[in-house]
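A short worksheet on the structure shown next.
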Amino acid sequence: MIEINVKTTKAQQFVNITGDVVKMVADSGVKDGEVMVYVPHTTAGVTINESADPDVVRDIIATLDKLIPVRGDYHHAEGNSHAHIKSSLMGCSQRIIISDGRLVLGTWQGIFFCEFDGPRSRRVYISVTGK
Amino acid sequence: MIEINVKTTKAQQFVNITGDVVKMVADSGVKDGEVMVYVPHTTAGVTINESADPDVVRDIIATLDKLIPVRGDYHHAEGNSHAHIKSSLMGCSQRIIISDGRLVLGTWQGIFFCEFDGPRSRRVYISVTGK
Amino acid sequence: MIEINVKTTKAQQFVNITGDVVKMVADSGVKDGEVMVYVPHTTAGVTINESADPDVVRDIIATLDKLIPVRGDYHHAEGNSHAHIKSSLMGCSQRIIISDGRLVLGTWQGIFFCEFDGPRSRRVYISVTGK
Chain A
8 MIEINVKTTK AQQFVNITGD VVKMVADSGV KDGEVMVYVP HTTAGVTINE SADPDVVRDI
68 IATLDKLIPV RGDYHHAEGN SHAHIKSSLM GCSQRIIISD GRLVLGTWQG IFFCEFDGPR
128 SRRVYISVTG K
Chain B
8 MIEINVKTTK AQQFVNITGD VVKMVADSGV KDGEVMVYVP HTTAGVTINE SADPDVVRDI
68 IATLDKLIPV RGDYHHAEGN SHAHIKSSLM GCSQRIIISD GRLVLGTWQG IFFCEFDGPR
128 SRRVYISVTG K
Chain C
8 MIEINVKTTK AQQFVNITGD VVKMVADSGV KDGEVMVYVP HTTAGVTINE SADPDVVRDI
68 IATLDKLIPV RGDYHHAEGN SHAHIKSSLM GCSQRIIISD GRLVLGTWQG IFFCEFDGPR
128 SRRVYISVTG K
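Keeping their order, the protein sequence lines are chains A, B and C.
Here the first sequence stands for residues 8 to 138, numbered as in my numbering.
Here the second sequence stands for residues 8 to 138, numbered as in my numbering.
Here the third sequence stands for residues 8 to 138, numbered as in my numbering.
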């Protein structure tokens, strides 16, 4: 298991971490297996979506924020309930197949760290299994 | 890793692919392990839900569409932002345990390919691990 | 694969099952690997979120219920479509890395069984892989 750091610069932001995951898989030497990307935070998440046009992740963030606004009738006193809810909706882990030493992502797919309560310094765990 | 094709016939549609996954697991000869179902598209997804009454997946599609309408204040120019958002909400992979050579699904559970920007010809990757 | 039982006491309720998963991992003797938590129901789910302040999961349940009300324009005749939709949004499985015999959860993370159509007696499958 390897830990990488992600520095976010906005309150809500998706950071493309595909390059980091590709590098970890290459470094592991695993040819056939799977890689797990795990976010150990409860106000962040990880999702796989289009990385070509940045407006796609912009639209995901904006729509989630319209459905689950920052201010609302929340009980949790820290004022970041919206971020916890978005975290559960995106999920805290993703898995991708490794075949012939390569990450099997679709043409348009990228792996995004989802910040919902930034800016912060965050951690992501990457675990490669296989042979 | 095996690839299957799914042809969708509507703009938004859930296609039950449980039979394909069951067949791949049987063909693999794996008795104890796991199967991963991975969708390499960014306007589609995969979910596990009730397969007995087709009104259940009809209600999931209709409710997602009410919350995240096809037309909206989106920036992505292709006009399918709603589909990208729904893709991240459902997720692009699912895993199911294999025990004694059988897929351990609940009584009512089926595996559904989720089309949000069809009709199209789509791919699904199925990877079986174990022994 | 081990099965645990979860008794829910409310219509909608998140039950912290972290202790059960920690125990199963310890009992397995696996030092490095992963644990999968799988819910075989279609009106329940499993998520990872903050376990310190119970108001966090209270806010998740309340917000999901505002977006996807119990009563609505649903076709499924059993009257629990809202629960099926919430199940697909939370997901029916979670995976956590095991390192040095310990579950690698973030400081604030707990594993929650998500009941959306209770109260009921429910099952959760726990599968540990690794060595």
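The C-beta atom is built at its ideal place from N, Cα and C for all residues, glycine as well.
Predicted model only: the values in this text are computed from it and were never measured.
Check: Can you tell me which residues form a DSSP beta bridge with A:Asn-12?; Outcome: A:Arg-130
Check: Should the stretch 14-24 of chain B be regarded as contacting the stretch 33-48 of chain A, the criterion being three or more beta carbon pairs within less than 8 Å?; Outcome: no
Check: Apart from the five residues on each side of it in sequence, which residues of its chain come closer than 7 Å, Cβ to Cβ, to A:Val-32?; Outcome: Val-42, Ile-105, Leu-110, Val-135
Check: Tell me the DSSP secondary structure of B:Thr-50 in three-state form.; Outcome: coil
Check: Between which two residues does the alpha helix (DSSP H) holding A:Ile-67 run?; Outcome: 61-74
Check: Can you have a look at A:Ser-128 and say buried or exposed, based on whether 16 or more other CB atoms are within 10 angstroms of its CB?; Outcome: exposed
Check: Buried or exposed: which applies to C:Lys-14, given that a residue is buried once 16 or more other Cβ atoms fall within 10 Å of its Cβ?; Outcome: exposed
Check: Looking only at DSSP bridge pairs, what is B:Gln-116 linked to?; Outcome: B:Glu-57
Check: Using the DSSP secondary-structure output, state which residues sit across from C:Val-44 in a beta bridge.; Outcome: C:Gln-101, C:Ile-133
Check: On the DSSP letters alone, give me the boundaries of the beta strand (DSSP E) that B:Val-77 sits inside.; Outcome: B:Val-77 -> no beta strand (DSSP E), and no H or E assigned at all.
Check: Please classify A:Thr-70 as buried or exposed, where buried requires at least 16 neighbouring CB atoms within 10 angstroms.; Outcome: buried
Check: Per DSSP, what kind of secondary structure is B:Val-28 in: helix, strand or coil?; Outcome: helix
Check: Show which residues of chain B have a CB atom less than 8 Å away from the CB atom of A:Leu-110.; Outcome: The premise fails here: A:Leu-110 is roughly 11 Å from chain B at the closest Cβ pair, so nothing lies under 8 Å.
Check: Cβ atoms of B:Phe-119 and B:Thr-54: under 7 Å apart, would you say?; Outcome: yes
Check: With a cut-off of 7 Å, does the C-beta of B:Asn-56 fall near any C-beta of chain C?; Outcome: yes
Check: Cα-Cα, which of B:Ile-9, B:Glu-10, B:Phe-123, B:Lys-138 is closest to B:Ile-67?; Outcome: B:Phe-123
Check: Considering only DSSP beta bridges, list what B:Gln-19 is partnered with.; Outcome: Bridge partners of B:Gln-19: none, in fact.
Check: Residues in its own chain within less than 8 Å of A:Ser-100 by CB, not counting five upstream and five downstream?; Outcome: Met-43, Val-44, Tyr-45, Val-46, Val-53
Check: What is the rounded straight-line gap between the Cα of C:Ile-11 and the Cα of B:Ser-58?; Outcome: 24 Å
Check: Please work out which residues of its chain come closer than 7 Å, Cβ to Cβ, to C:Asp-39, disregarding the five sequence neighbours upstream and downstream, and give them in chain order.; Outcome: Ile-105, Ser-106, Gly-137, Lys-138
Check: Using CA atoms only, rank isn't needed, just tell me which of C:Arg-65, C:His-89, C:Ser-35 is closest to C:Ile-9.; Outcome: C:Ser-35
Check: Mind checking whether C:His-83 and B:Val-63 have CB atoms under 7 Å apart?; Outcome: yes
Check: Return yes when the Cβ of B:Ser-95 is within less than 7 Å of the Cβ of A:Asn-56, no when it is not.; Outcome: yes
Check: Alpha carbon to alpha carbon, how far is C:Ala-51 from A:Met-97?; Outcome: 17 Å
Check: Considering only C-alpha positions, which residue in the set C:Tyr-81, C:Ile-75, C:Leu-74, C:Arg-102 is nearest to B:Asp-60?; Outcome: C:Tyr-81
Check: Who are the neighbours of C:Asp-66 on chain F, taking C-beta pairs under 8 Å?; Outcome: The structure shown contains no chain F; the protein chains it does contain are A, B and C.
Check: Output, in chain order, the set of chain C residues within a Cβ distance shorter than 7 Å of B:Gln-116.; Outcome: Pro-47, Thr-49
Check: CB B:Ile-103 to CB B:Ile-75, shorter than 7 Å?; Outcome: no
Check: Does A:Met-8 have its Cβ less than 7 Å from a Cβ in chain C?; Outcome: yes
Check: In chain order, what residues of the same chain have a beta carbon less than 8 Å from the beta carbon of B:Leu-112, not counting five sequence neighbours either side?; Outcome: Thr-25, Ile-55, Ile-103, Ile-118
Check: From the DSSP output, which residues share a beta bridge with B:Glu-122?; Outcome: B:Gln-20, B:Ala-51
Check: Going by C-alpha to C-alpha distance, which of A:Arg-130, A:Arg-78, A:Thr-114, A:Val-131 sits closest to B:Arg-130?; Outcome: A:Thr-114
Check: Show which residues of chain B have a CB atom less than 9 Å away from the CB atom of A:Glu-41.; Outcome: Met-43, Ser-134, Thr-136
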